[in-house]
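Take a look at the structure below.
Following this line, the structure appears as C-alpha coordinates:
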(Lines of atoms letter the chains of each structure in order from A and count residues from 1; the text may use other names and numbers.)
(Lines give C-alpha, C1' and ligand atoms only; values in the text may rest on other atoms or scores of the structure.)
Protein backbone atom coordinates (compact mmCIF):
# COMPACT_ATOMS: atom_id res chain seq x y z
CA UNK A 1 0.00 0.00 0.00
CA UNK A 2 1.25 3.45 -0.86
CA UNK A 3 2.10 5.74 2.03
CA UNK A 4 -0.67 8.20 1.16
CA UNK A 5 -3.23 5.97 -0.56
CA UNK A 6 -6.39 8.03 -1.20
CA UNK A 7 -8.54 5.06 -0.16
CA UNK A 8 -7.05 4.99 3.32
CA UNK A 9 -8.12 7.79 5.63
CA UNK A 10 -7.43 8.47 9.29
CA UNK A 11 -10.46 8.19 11.57
CA UNK A 12 -10.52 10.27 14.73
CA UNK A 13 -12.39 8.81 17.70
CA UNK A 14 -13.93 10.39 20.80
CA UNK A 15 -11.52 8.78 23.30
CA UNK A 16 -8.27 10.74 23.01
CA UNK A 17 -4.70 10.03 24.04
CA UNK A 18 -5.12 12.60 26.83
CA UNK A 19 -8.24 10.82 28.10
CA UNK A 20 -6.42 7.48 28.17
CA UNK A 21 -3.45 9.02 29.97
CA UNK A 22 -5.79 10.56 32.52
CA UNK A 23 -7.39 7.16 33.11
CA UNK A 24 -3.97 5.58 33.69
CA UNK A 25 -2.69 8.47 35.77
CA UNK A 26 0.46 8.92 33.69
CA UNK A 27 1.60 9.78 30.19
CA UNK A 28 2.12 7.15 27.58
CA UNK A 29 5.81 6.95 26.67
CA UNK A 30 8.26 4.62 24.95
CA UNK A 31 11.45 3.64 26.78
CA UNK A 32 13.70 2.27 24.02
CA UNK A 33 16.48 0.06 25.44
CA UNK A 34 19.27 -0.52 22.93
CA UNK A 35 22.70 -2.09 23.17
CA UNK A 36 24.80 -5.05 22.14
CA UNK A 37 23.56 -8.63 22.22
CA UNK A 38 24.04 -9.84 25.79
CA UNK A 39 24.25 -6.32 27.24
CA UNK A 40 21.29 -6.86 29.55
CA UNK A 41 18.62 -4.86 27.72
CA UNK A 42 15.84 -7.37 28.38
CA UNK A 43 16.95 -7.91 31.97
CA UNK A 44 17.05 -4.20 32.81
CA UNK A 45 13.80 -3.46 30.96
CA UNK A 46 12.11 -6.40 32.69
CA UNK A 47 13.26 -5.28 36.13
CA UNK A 48 12.03 -1.75 35.47
CA UNK A 49 8.69 -3.02 34.18
CA UNK A 50 8.25 -5.13 37.31
CA UNK A 51 9.05 -2.16 39.58
CA UNK A 52 6.63 0.10 37.69
CA UNK A 53 3.92 -2.57 37.72
CA UNK A 54 4.27 -2.94 41.50
CA UNK A 55 3.60 0.81 41.74
CA UNK A 56 0.40 0.52 39.71
CA UNK A 57 1.84 1.89 36.47
CA UNK A 58 0.37 0.48 33.23
CA UNK A 59 3.25 -1.00 31.23
CA UNK A 60 4.09 -3.41 28.44
CA UNK A 61 7.50 -4.86 27.49
CA UNK A 62 8.21 -5.53 23.81
CA UNK A 63 11.24 -7.84 23.75
CA UNK A 64 13.16 -8.41 20.54
CA UNK A 65 13.14 -12.21 20.65
CA UNK A 66 9.50 -12.42 21.76
CA UNK A 67 8.34 -10.13 18.94
CA UNK A 68 10.10 -12.36 16.41
CA UNK A 69 7.93 -15.27 17.59
CA UNK A 70 4.78 -13.49 16.38
CA UNK A 71 4.53 -10.04 14.80
CA UNK A 72 7.88 -10.35 13.02
CA UNK A 73 8.16 -14.12 12.55
CA UNK A 74 8.17 -13.66 8.78
CA UNK A 75 11.36 -11.59 8.93
CA UNK A 76 14.92 -12.77 8.72
CA UNK A 77 18.10 -10.89 9.53
CA UNK A 78 18.92 -9.15 6.26
CA UNK A 79 19.36 -5.37 6.48
CA UNK A 80 15.89 -4.85 4.97
CA UNK A 81 14.27 -7.31 7.38
CA UNK A 82 16.02 -5.77 10.38
CA UNK A 83 14.76 -2.33 9.33
CA UNK A 84 11.23 -3.67 8.91
CA UNK A 85 11.44 -5.36 12.32
CA UNK A 86 12.25 -2.03 14.00
CA UNK A 87 9.62 -0.18 11.94
CA UNK A 88 6.89 -2.62 13.01
CA UNK A 89 7.93 -2.49 16.64
CA UNK A 90 7.98 1.30 16.47
CA UNK A 91 4.43 1.35 15.11
CA UNK A 92 3.20 -1.01 17.84
CA UNK A 93 5.04 0.93 20.54
CA UNK A 94 3.48 4.16 19.28
CA UNK A 95 -0.02 2.68 19.38
CA UNK A 96 0.55 1.36 22.89
CA UNK A 97 1.86 4.73 24.07
CA UNK A 98 -1.27 6.30 22.54
CA UNK A 99 -3.24 3.87 24.71
CA UNK A 100 -1.55 5.48 27.72
CA UNK A 101 0.94 2.73 28.49
CA UNK A 102 4.59 3.03 29.39
CA UNK A 103 6.10 0.83 26.69
CA UNK A 104 9.52 -0.66 27.32
CA UNK A 105 11.32 -2.09 24.30
CA UNK A 106 14.49 -4.19 24.27
CA UNK A 107 16.09 -4.35 20.81
CA UNK A 108 19.68 -4.29 19.62
CA UNK A 109 18.60 -1.65 17.04
CA UNK A 110 22.16 -0.60 16.16
CA UNK A 111 21.29 1.99 13.51
CA UNK A 112 20.64 5.53 14.71
CA UNK A 113 18.54 6.29 11.60
CA UNK A 114 16.04 3.54 12.44
CA UNK A 115 15.77 4.67 16.07
CA UNK A 116 15.29 8.23 14.83
CA UNK A 117 12.40 7.15 12.60
CA UNK A 118 10.74 5.48 15.58
CA UNK A 119 11.32 8.60 17.67
CA UNK A 120 9.65 10.72 14.99
CA UNK A 121 6.71 8.30 14.78
CA UNK A 122 6.23 8.13 18.55
CA UNK A 123 6.96 11.82 19.15
CA UNK A 124 10.15 13.36 20.51
CA UNK A 125 8.48 14.17 23.84
CA UNK A 126 7.32 10.56 24.33
CA UNK A 127 10.47 8.67 23.32
CA UNK A 128 13.36 8.02 25.70
CA UNK A 129 16.35 6.11 24.35
CA UNK A 130 18.37 4.14 26.89
CA UNK A 131 21.70 2.70 25.79
CA UNK A 132 22.72 -0.27 27.95
CA UNK A 133 26.46 0.34 27.89
CA UNK A 134 27.96 -3.04 28.71
CA UNK A 135 31.59 -3.64 27.68
CA UNK A 136 31.99 -5.93 24.68
CA UNK A 137 34.13 -8.35 26.72
CA UNK A 138 31.26 -8.91 29.14
CA UNK A 139 28.75 -9.35 26.30
CA UNK A 140 31.08 -11.90 24.71
CA UNK A 141 31.42 -13.69 28.04
CA UNK A 142 27.64 -13.85 28.52
CA UNK A 143 26.89 -14.68 24.84
CA UNK A 144 23.39 -16.08 25.60
CA UNK A 145 22.66 -16.86 21.94
CA UNK A 146 26.16 -17.92 20.92
CA UNK A 147 26.33 -15.04 18.42
CA UNK A 148 29.84 -13.94 19.37
CA UNK A 149 31.17 -17.48 19.00
CA UNK A 150 29.42 -17.83 15.62
CA UNK A 151 30.81 -14.46 14.53
CA UNK A 152 34.34 -15.51 15.47
CA UNK A 153 33.86 -18.55 13.22
CA UNK A 154 32.52 -16.37 10.39
CA UNK A 155 28.96 -17.69 10.64
CA UNK A 156 27.16 -14.45 11.50
CA UNK A 157 26.94 -11.55 9.06
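Numbering (the numbering used here), first residue to last: 4 to 160. The beta carbon of each residue, even a glycine, is placed where N, CA and C say it ideally should be. All figures in this text were calculated on a predicted structure; none of them were measured in a lab.
Quiz item: residue 83: buried (16+ other C-beta within 10 angstroms of its C-beta) or exposed?
Solution: Within the chain shown, residue 83 is the residue found at index 80, counting from 1. With fewer than 16 Cβ atoms within 10 Å of its Cβ, residue 83 is classed as exposed.
Exercise. Pull up the CB-CB distance for residue 103 and residue 27, whole angstroms please, since I reckon it's below 8 Å.
Key: Numbered from 1 along the chain shown, position 100 holds the residue referred to as residue 103. Numbered from 1 along the chain shown, position 24 holds the residue referred to as residue 27. 4 Å between Cβ atoms; contact.
Quiz item: To the nearest whole angstrom, what separates the beta carbons of residue 108 and residue 33, a pair I think is in contact under 8 Å?
Solution: Stepping through the chain shown from its first residue, residue 108 is reached at position 105. Stepping through the chain shown from its first residue, residue 33 is reached at position 30. The Cβ separation is near 7 Å, so the contact holds.
Quiz item: What residue range is occupied by the uninterrupted beta strand (DSSP E) comprising residue 141?
Solution: The count along the chain shown starts at 1 and reaches residue 141 at position 138. Where residue 141 is concerned, there is no enclosing beta strand (DSSP E), although the alpha helix (DSSP H) around it starts and stops at 139 to 145.
Self-check item: Residue of 13, 31, 42 and 11 minimising C-alpha distance to residue 139
Solution: Stepping through the chain shown from its first residue, residue 139 is reached at position 136. When C-alpha distances from residue 139 are compared across 13, 31, 42 and 11, the shortest belongs to 42.
Quiz item: Given that a residue counts as buried once 16 or more other Cβ atoms are within 10 Å of its Cβ, and exposed if not, what is residue 11?
Solution: Within the chain shown, the letter at position 8 stands for residue 11. Residue 11 counts as exposed, since fewer than 16 other beta carbons sit within 10 angstroms of its beta carbon.
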